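Presented below is the structure to which this report refers.
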């Protein structure tokens, strides 16, 4: 019976070692694109609200309020942002200031949209469901929601 504990300890140690956080990021491109039905619905929202947004080939729309200065982040960078997330009815479901994230750990719409600006830049992203939370309900976000994020890129860490 006593011999099981050293084996269990070894397994736990190996598993913990396998979760190393400093592993290099190898993600370079994202191939996710929104289905045509979502793109059409989002386009109708943009047009109905007279939003001067540009379309991205992956199916989201964006407005750059300020491009920022310097190098733009890559999906492998950590970024510090101020942001507010809203539903299309205007209800804010989340906001934060000075929060840092690994860009590759965020929803696809952010991974693709934030690199459009440099530090000091500001962008509004209009995301179809598949580039946000999709069919998964998230707290105050209904499933299959178009989301609107206003994001200030404070810095690249």
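In the UniProt record's numbering, the protein residues as written are 1 to 157. Yeah, the Cβ is synthetic: ideal placement off N, Cα and C, and Gly gets one too. Values in this document were obtained by computation on a predicted structure and should not be read as measured data.
- Residue 80 is a Cβ neighbour of residue 100, given a cutoff of 8 Å.
- Fully enclosed beta strand (DSSP E) runs of no fewer than 3 residues are not present anywhere in the segment 29 to 57.
- About 13 Å separates the beta carbon of residue 113 from that of residue 68, a gap too long to meet the 8 Å contact definition.
- Taking C-beta separations shorter than 7 Å and ignoring five residues to either side along the sequence, the partners of residue 117 in its chain run 64, 67, 68, 72, 123, 153, following chain order.
- In this structure, DSSP gives residue 78 an extended state, which the three-state scheme calls strand.
- According to DSSP, residue 63 shares a beta bridge with 124.
- Here residue 113 carries a helix assignment [DSSP, helix/strand/coil].
- In the same chain as residue 62, and ignoring 5 residues on each side of it, the C-beta atoms closer than 8 Å to its own belong to 53, 54, 56, 113, 116, 123, 124, 125, 126, in chain order.
- In the three-state scheme derived from DSSP, where H, G and I count as helix and E and B as strand, residue 105 is classed as helix.
- Less than 8 Å separates the beta-carbon of residue 149 from that of residue 83.
- The alpha-carbon separation between residue 146 and residue 105 amounts to approximately 20 Å.
- Residue 77 and residue 156 do touch by the CB rule: their CB atoms are close to 5 Å apart, below 8 Å.
- Annotation: residue 31 to residue 137 spans about 23 Å, alpha carbon to alpha carbon.
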